[in-house]
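J.: Please see the structure below; I have some questions.
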Amino acid sequence: MADTQIILKQNVPGLGAEADIVKVRKGFARNHLIPTGKAYEVTASNLKRLNQLKALRAEREARELNDAEDFARKLGKLKLEFALETGATGKAFGSVTTRDIEEKLRSEFGITIDRHKIDLERPIKESGEKEVPIKLHHDVTATLKIEIKSSTPPAPAHEKSEPAEAKPRGKRKAKPSV
0 MADTQIILKQ
10 NVPGLGAEAD
20 IVKVRKGFAR
30 NHLIPTGKAY
40 EVTASNLKRL
50 NQLKALRAER
60 EARELNDAED
70 FARKLGKLKL
80 EFALETGATG
90 KAFGSVTTRD
100 IEEKLRSEFG
110 ITIDRHKIDL
120 ERPIKESGEK
130 EVPIKLHHDV
140 TATLKIEIKS
150 STPPAPAHEK
160 SEPAEAKPRG
170 KRKAKPSV
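By numbering that gives the first Met the number 0, the letter at position 174 of the sequence shown is numbered 173, and the numbering carries on one by one without gaps.
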């Protein structure tokens, strides 16, 4: 089977980015990429257009990088607070997940972030302050401060809880046989 070279008009997952020249199977190029407007063939006139595409891509990537850096500075100033019920050891009954962080950012600050960009290894279950990295761009990672507060008051240290008294069990009545 023969391969052909094409120029991508836009980012194609698993294949390449805008203005890349890639080799694909002729059928894939002819039946999918070119008809859907995702690519065009490599010709002399299209190679001239390639330089324009590369310039536009460079401008767009620079703009995206600047926007991501500005957004990272904005996120670095924010602090999210969550209240969880905790036990005596500080362990929470429940957890704070990426979905909780995403919803809190949207509801309190009007910021929409895809929860998959929040780099949380596992849900947060301890009270205290945490710093959570958020991947905004392949070159920019923001750090968001999160504070988990206990919503249950601490138990007094001097009082010991006594075990509950067992209730005496009554005698069971036998079921009448029918």
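The beta-carbon is built from N, C-alpha and C at its ideal position, and this holds for glycine as well.
Kindly provide the ranges of any beta strand (DSSP E) runs that are 3 or more residues long and lie completely inside the stretch 54–90, ordered along the chain.
T.: 78–83, all fully within the stretch 54–90.
J.: Can you find the residues in the same chain that come closer than 8 Å, C-beta to C-beta, to T140, ignoring five residues on each side of it along the sequence?
T.: Residue numbering aside, residue 140 sits at position 141 when the sequence shown is read from its first letter. Answer for T140: A71, D118, P132, I133, K134, listed in chain order.
J.: Does DSSP put S126 in a helix, a strand or coil?
T.: Here the question's residue 126 lines up with position 127 in the sequence shown. In the structure shown, S126 sits in coil (DSSP, three-state: anything other than H, G, I, E or B).
J.: Suppose the cutoff is 6 Å on Cβ atoms and the five residues either side in sequence are ignored; what does the same chain contact list for K116 look like?
T.: In the sequence shown, the residue the question calls residue 116 occupies position 117. The residues are I133, K134.
J.: For E84 and E68, I'd like the C-alpha separation in whole angstroms.
T.: Within the sequence shown, the letter at position 85 stands for residue 84. Within the sequence shown, the letter at position 69 stands for residue 68. Between the alpha carbons of E84 and E68 lies a distance of about 36 Å.
J.: Verify whether the separation of the beta carbon atoms of A43 and T3 is less than 9 Å.
T.: As a working note, residue 43 is residue 44 in the sequence shown. As a working note, residue 3 is residue 4 in the sequence shown. In this structure, T3 does not lie closer than 9 Å to A43 by Cβ.
J.: Could you tell me how far apart the beta carbons of V41 and I100 are, in whole angstroms, since I believe they sit closer than 8 Å?
T.: Mapped onto the sequence shown, residue 41 falls at position 42. Mapped onto the sequence shown, residue 100 falls at position 101. The Cβ separation is near 45 Å, so there is no contact.
J.: By Cβ distance below 6 Å, which residues in the same chain neighbour N10 in space, the five residues on each side in sequence not counted?
T.: Indexing the sequence shown from 1 puts residue 10 at position 11. Result list for N10: A16, E17, in chain order.
J.: What span of residues does the alpha helix (DSSP H) with R98 cover, start to end?
T.: In the sequence shown, counting from the first residue as 1, residue 98 sits at position 99. Taken as a continuous stretch (DSSP letters only), the alpha helix (DSSP H) holding R98 covers 97–103.
J.: Judging by CA-CA distance, which residue of T35, E80, L46 is the nearest neighbour of E146?
T.: The residue labelled residue 146 in the question sits at position 147 within the sequence shown. Taking only the C-alpha atoms, the option nearest E146 is E80.
J.: Compare the beta carbon distance of L55 and H136 with 9 Å and say whether it is the shorter of the two.
T.: Here residue 55 refers to the residue found at position 56 when the sequence shown is read from its first residue. Here residue 136 refers to the residue found at position 137 when the sequence shown is read from its first residue. Result no, Cβ atoms of L55 and H136 do not sit closer than 9 Å.
J.: Hey, quick one: how far does the beta strand (DSSP E) through K241 stretch, first residue to last?
T.: Missing from the structure shown is residue 241; the chain here goes from 0 to 177 and no further.
J.: Quick one: what's L49 bridged to in DSSP?
T.: Taking the first residue of the sequence shown as 1, we reach residue 49 at position 50. L49 pairs with nothing; no bridge assigned.
J.: Using only alpha-carbon positions, find the residue among S150, K103, D113, E120 that is nearest to S126.
T.: Within the sequence shown, numbered from 1, the residue matching residue 126 stands at position 127. Comparing Cα positions, the closest option is S150.
J.: Could you work out which residue in L74, T88, A38, P122 is closest to F108 when comparing CA atoms only?
T.: Along the sequence shown, one-based indexing puts residue 108 at 109. Closest option to F108, Cα to Cα, is L74.
J.: Among N30, H31, N45, which one has its Cα closest to the Cα of D19?
T.: Along the sequence shown, read from residue 1 onward, the residue named residue 19 stands at position 20. Cα-wise, what sits closest to D19 is N45.
J.: What is the residue span of the beta strand (DSSP E) that I6 lies within?
T.: As a working mapping, residue 6 is identified with position 7 in the sequence shown. Residues 2–7.
J.: Measuring CB to CB, does K47 end up less than 9 Å from L7?
T.: Counted from its first residue, the sequence shown places residue 47 at position 48. Counted from its first residue, the sequence shown places residue 7 at position 8. No. Outside cutoff.
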